[in-house]
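Protein chains in written order, with the UniProt record's numbering: chain X, 1 to 218; chain L, 1 to 220.
Below: one structure, written as structure tokens.
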């Protein structure tokens, strides 16, 4: 059996998990503490990937990230390569698809913080940015870890969005879920079973870790 | 420097309309019934809320004046506020909490000695008692050398011994600090013990006769 799709899935999940806090934490902070017009619109935009069918989101991303799309053309100007059907392309798609899965638990974690701590920080001279890094993040580290691990597990099983944006190029964009689907289509049930059987304990372990983190959070 | 406030703020059941001043080196004790607007007053002075009209000035600087659009945010006022319940940062140990906004580490150690919490330096707030946490909160507030000290019922959740101890420390520090101190309390005895002036607030207004009505002139 070819283990490349599983390794590619792990690589995609790892990078999504590593990069998602950079996008999700500031967004969650703005949604949790911000008071501005258009907040509900921003909230809806961030949550949209959670409710849209993955193929619809994938198609939208394919249009934007394609050679004639805004992001695709900019990428091509910058790197000379195509964004769609590349690992970078599926990573960006994965980040967008997973954004609400990280923002929602992080936002809940931020909203649970004692607001007087934020007021204390302001009185003691901290700017909002310094408060985010020195007070909010250290006190929500459990929420951040849980969100990242949840995103890792979610990324392992991505199918629709990745297929639309990346296709199924072996060694490049063919992740485990796509390889399993193709193995079943080609009636290679042993391969499909082995890959599936590998994903089950990994997903189970991830859920156990999230449960442990949640149990330790105050 | 002198704190002067002549401000109004619309609240749910009444309008807060306060005019007063606090001199450096003096404690102004603020008393009054629950819901009189004392905490809102503290929040307005701290810069956590904006007045609807009027002005708050400190020394020559205007901190808030809605008519001219001036509002100095809390972080730029250089004051300290001790809340009713401790607000130490849970992820930092006691020494790091006290030193959070301090510029002089020697002062941090001196304050921790004075308030008897030096031995707790490495402990996290969750691991010590409520009284010890409030003493640490006082140290944190004083370590930054504030220009104004606001106290919002800081002793109310403490046992009698700790309360007496902290009151004594505060009185001791008053002259040394030489800043205006505004101390909100429910406890009339405490207000009289600590306050150079006692200001009563009722339904959002300064009520000079409230104290008399409460304890000096029994109702017939």
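Virtual Cβ for every residue (Gly too), placed ideally from N, Cα, C.
Return the residue from the list L/84, L/139, L/41 that minimises the CA-CA distance to residue 64 of chain L.
-> L/41
Could you tell me whether any Cβ in chain L is nearer than 8 Å to the Cβ of residue 111 of chain X?
-> no
Would you say residue 12 of chain X and residue 117 of chain X are within 8 Å of each other, going by their C-beta atoms?
-> no
Any contact of the stretch 28-36 of chain X with the stretch 98-107 of chain X, i.e. 3+ C-beta pairs under 8 Å?
-> yes
Exposed unless 16 or more other CB atoms sit within 10 angstroms - verdict on residue 220 of chain L | Residue placement at residue 220 of chain L is flagged as unreliable, the pLDDT there being 45, under the threshold of 50; the coordinate-derived value follows with that caveat. It is exposed - the Cβ of residue 220 of chain L has fewer than 16 other Cβ atoms within 10 Å.
Confirm, please, whether the CB-CB distance from residue 64 of chain X to residue 72 of chain X is below 8 Å.
-> yes
Might you give, ordered along the chain, the residues of its own chain that have their beta carbon closer than 7 Å to the beta carbon of residue 179 of chain L, omitting 5 neighbours on each side?
-> 24, 146, 147, 148, 149
Can you tell me whether residue 166 of chain L is buried or exposed, with buried defined as 16 or more other CB within 10 angstroms of its CB?
-> buried
From X/21, X/181, X/4, residue whose alpha carbon lies closest to that of residue 96 of chain X | X/21
Residue from L/108, L/189, L/93, L/17 whose Cα sits closest to the Cα of residue 127 of chain L = L/93
Supposed contact pair residue 5 of chain X and residue 179 of chain X - C-beta distance, whole angstroms, cut 8 Å = 4 Å
Could you tell me whether the stretch 194-207 of chain L touches the stretch 54-62 of chain L, using the rule of 3 or more Cβ pairs below 8 Å?
-> no
Hey, how far is the Cα of residue 192 of chain L from the Cα of residue 208 of chain L?
-> 14 Å
In whole angstroms, what is the alpha-carbon distance linking residue 43 of chain X and residue 25 of chain X?
-> 14 Å
Note down, in chain order, each residue of its chain lying with its Cβ closer than 6 Å to the Cβ of residue 194 of chain X, except the 5 sequence neighbours on either side.
-> 1
Nearest residue (CA-CA) to residue 164 of chain X, options X/47, X/18, X/87 = X/87
Hey, could you find the ends of the beta strand (DSSP E) residue 202 of chain L is sitting in?
-> 197-202
Rounded separation between residue 140 of chain L and residue 100 of chain L - CA only = 7 Å
For residue 222 of chain X, I'd like the list of residues in its chain whose CB is within less than 6 Å of its CB, leaving aside the five on either flank, ordered along the chain.
-> Since the first residue of chain X shown is 1 and the last is 218, residue 222 of chain X is not available in this structure.
Residues of its chain near residue 82 of chain L, where Cβ-Cβ distance is below 8 Å and the 5 sequence neighbours each way are ignored | 134, 137, 138, 141, 149, 150, 151, 152, 154
Name, please, each residue of chain L whose Cβ falls closer than 7 Å to the Cβ of residue 116 of chain X.
-> 83, 87
When DSSP labels each residue in this structure, what does residue 220 of chain L get in the three-state scheme?
-> Its pLDDT being 45, under 50, residue 220 of chain L is placed unreliably in this model, and the coordinates cannot settle the point.
Among all the DSSP beta bridges, which residues are the ones paired with residue 9 of chain L?
-> L/16
Could you check if residue 3 of chain X is buried or exposed, using at least 16 other CB atoms within 10 Å of its CB as the buried criterion?
-> exposed
Rounded to whole angstroms, what's the CA-CA distance from residue 14 of chain X to residue 184 of chain L? Just pull it up for me.
-> 53 Å
is_contact[residue 136 of chain X, chain L] using C-beta, thresh 8 Å | no
Step through the CB atoms of chain X and report whether any lies within less than 8 Å of the CB of residue 80 of chain L.
-> yes
Cβ shell of residue 215 of chain X (< 8 Å), same chain only, five flanking positions each side left out = none
Below 7 Å CB to CB, which residues in the same chain sit around residue 154 of chain X once its five sequence neighbours on both sides are set aside?
-> 98, 101
Partners in chain L for residue 122 of chain X, counting only beta-carbon separations shorter than 9 Å | 46, 47, 48, 73, 74, 75
Cβ neighbours of residue 149 of chain X in the same chain (closer than 8 Å, five flanking residues each side left out) = 17, 206, 209, 210, 213
Are the beta-carbon atoms of residue 27 of chain L and residue 181 of chain L separated by less than 8 Å?
-> yes
Are the beta-carbon atoms belonging to residue 184 of chain X and residue 192 of chain X less than 8 Å from one another?
-> yes
Find the residues of chain C that neighbour residue 183 of chain L, judging by a C-beta separation of less than 8 Å, and give them in chain order.
-> In the displayed structure, chain C is absent; the protein chains listed are X and L.
Quick one: does residue 91 of chain L have its CB under 8 Å from some CB of chain X?
-> yes
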